[in-house]
Amino acid sequence: MVVPYLGAAAMRHQQMQQPPETAVAAAQTAPPSPSSQQVQFIRLLQQAERRHRETLQRAVNAENQVHQLRQVFQQWQLQLHDQLLQRHNQVQSQLHSVKADAQQQSHQVQNQLQLIQQQHVHQQVQLQRQVQKQMQALHEAMGRQQRAQEQENQRVREQLKDMYTFQQLQSFSHEQHLGQLQGQMFNLERGHRAERRNRQILQRQMQQTRRWQEQAPPPASQPAAPAHPCPDDDCCPCEFPEHCPFNPCFPEDCNGEVPEGPDVGECLLRNIRLGLVDSTCSQCNSGCLGSSPKEQRRQKRPEESEDGYLADDEASFYSVVSSGQSSSFKEERRQILQEVRNLENTRMAPRYKQVWKPLRCFRCGELGHLATFCENMPTTVL
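For the sequence shown, full-length UniProt numbering assigns the number 1 to the initial residue and increments by one for each residue that follows.
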């Protein structure tokens, strides 16, 4: 409830609003018959008093309004204070709840962090153990691989050593075999050359014999001696007349040509070569015996006479048999050339892919065939 405020102006206003009896009493007490100046003064005084009362009334009204406004302000201030207090309480409660939630969340976050740290530590320990196991397994695997590599290197070194030994043995065997084949080829070539020389010598002897027979006088009781003894240095059909048992020869007794087939008939030259006639000569004895130019020429080649081309064995054989069997001689020579060519191709072939057992024949399985010869080269795998 609002209590009216009564100020000094209100009190004066109440005093001015006294009953007319009081005014009459005051007038009666006043001196009678005022003058016009007094009346005018009274009127002015009343007007001033009226204005004063109006002013007081306005002041009272203003004070009442101010009092009302103050009351309204106090009410608003109280309401505002209540609202602020209520809001403060709400904010405090919310702050307490937020703090509690934050503390709870911080506790949860701390718990989660602890769990994460524990899990991380556990995972790190497990990872370290796995890495240690893997490193140990890798180290063991590398050790095994290194040992296997060393064993493989040792095996390869042994294989290379065996291959080198085999290549040396095979090269030595190939060279030995090639030397034998080359020796055979050399002997065959020398025999062939000796045969050609013998054929040429025989042809020249036959031509010379024909010329002598044409130029000779008619036969008498005793045959006339030639004008000069043995004009041709190569009167003996043998390649080595100084070692030939058929020397001296009878070039005038054989009028036929050099025999070409196996059936040579009764050729005196063949009989001389085979030793079926007497080894005496009446025409060229002085030319074929002693230190003749042919003998001197033959003595300059002792290496040929030491190889066995003598008249008693190989010279007569090559002179007689090869002329009758030239096709077999050519076939044998062709086979030997083919063998030499095959051996050279084998030596010049690429490196062997596998180590072959040295000196073992693939066909018969016997050792030592490379030193001589076999049809097939050794291909037996170790």
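We put the beta carbon where it would ideally sit given N, CA and C, even for glycine.
C-alpha gap between residue i and residue j, whole angstroms
i, j, result
"Arg-53", "Val-72", "28 Å"
"Gly-143", "Gln-180", "54 Å"
"Ala-137", "His-120", "25 Å"
"Gln-145", "Arg-155", "15 Å"
"Gln-92", "Gln-104", "18 Å"
"Val-66", "Asp-101", "50 Å"
"Arg-157", "Glu-150", "10 Å"
"Gln-108", "His-96", "18 Å"
"Asn-111", "Ala-148", "54 Å"
"Gln-208", "Gln-200", "12 Å"
"Arg-211", "Gln-203", "12 Å"
"Arg-193", "Gln-205", "18 Å"
"Gln-168", "Leu-178", "15 Å"
"Gln-132", "Gln-117", "22 Å"
"Glu-140", "Gln-130", "15 Å"
"Gln-37", "Arg-50", "19 Å"
"Ile-42", "Ala-62", "29 Å"
"Arg-58", "Gln-46", "18 Å"
"Gln-83", "Gln-75", "12 Å"
"Asp-162", "Asn-153", "14 Å"
"Thr-55", "Leu-44", "16 Å"
"Gln-40", "Ala-48", "12 Å"
"Gln-170", "Gln-134", "51 Å"
Short Cβ contact (8 Å threshold) for residue i with residue j
i, j, result
"Gln-184", "Ile-336", "yes"
N- and C-terminal bounds of the alpha helix (DSSP H) containing residue i
i, result
"Ser-93", "36-215"
Cβ neighbours of residue i in the same chain (closer than 8 Å, five flanking residues each side left out)
i, result
"Gln-124", "none"
"Gln-77", "none"
"Lys-99", "none"
Contacting residues, own chain, Cβ-Cβ under 6 Å from residue i (five flanking each side not counted)
i, result
"Gln-182", "none"
"Arg-70", "none"
Cutoff 7 Å; reference residue i; Cβ partners in own chain excluding five residues on either side
i, result
"Cys-87", "A small correction: the amino acid at residue 87 is Arg; Cys does not occupy that position in the sequence shown. Excluding residues within five positions, none has a Cβ falling inside 7 Å."
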